[in-house]
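In what follows, a single structure is set out as structure tokens and then discussed.
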Amino acid sequence: MIATLLVEYSRVVPVLFWVAVVAAAVVAWLLHRLGLRSVLFVLAGLSLVAVLALTLVPESEPAPGGCTVQFSVPFLGIDTLANIAMTVPLALFFGVATRHPLLVFAGVSALSAVVETVQSLAPVIGRRCDTDDWLMNTIGAALGAGAVLVILWVEGRRRATVSA
Numbered sequence: 027m028i029a030t031l032l033v034e035y036s037r038v039v040p041v042l043f044w045v046a047v048v049a050a051a052v053v054a055w056l057l058h059r060l061g062l063r064s065v066l067f068v069l070a071g072l073s074l075v076a077v078l079a080l081t082l083v084p085e086s087e088p089a090p091g092g093c094t095v096q097f098s099v100p101f102l103g104i105d106t107l108a109n110i111a112m113t114v115p116l117a118l119f120f121g122v123a124t125r126h127p128l129l130v131f132a133g134v135s136a137l138s139a140v141v142e143t144v145q146s147l148a149p150v151i152g153r154r155c156d157t158d159d160w161l162m163n164t165i166g167a168a169l170g171a172g173a174v175l176v177i178l179w180v181e182g183r184r185r186a187t188v189s190a
């Protein structure tokens, strides 16, 4: 159903993608500024559950094993944007909560590699392993981690200015 809706409105998907990224970054920044670290962890946990549900919940029919090896140009198709968007909130909320965006980036990229490996080794779940999915998930993690770096930098400068 979601895929059908995205295809039907494919012209607005890139705009909605960037609106969602900016909205998530603003939420993360506000929660950080208000010191609501526990809420950031809850949002990171919900993001993790969403990633695992979207990638590992079995589909109707088993898929052939193995893995498709390809690398697409990011930001061009609905599938690539969906794979990027899937990991942005996880990296963003967890990165701001822990204040370790580069470690979180590496962890989210590794999580995506594990998911793709499980998909290739467990064809019964009906999911297809694809290196492109890992690449786009990693780009999403990088986008989230980059936003975290900006948030932490802005807040660090703000605090330095206030205390000076």
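In this note's numbering, the protein residues as written are 27 to 190. Yeah, the Cβ is synthetic: ideal placement off N, Cα and C, and Gly gets one too. Computed from a prediction, not measured in an experiment: that's the story for all the values here.
Check                                                                                                   : Outcome
Nearest candidate by alpha-carbon position, reference residue 127, set 185, 178 and 50                  : 178
C-alpha distance - residue 44 paired with residue 89, whole-angstrom precision                          : 32 Å
Rounded separation between residue 125 and residue 92 - CA only                                         : 37 Å
Complete alpha helix (DSSP H) runs within the region 43 to 118 (minimum length 4 residues, chain order) : 63 to 82
7 Å CB neighbourhood of residue 107 in its chain, flanking five on each side removed                    : 39, 40, 43 and 101
Residue 122 to residue 85 span [Cα, whole Å]                                                            : 33 Å
Spatial distance of residue 52 from residue 157 (CA atoms)                                              : 31 Å
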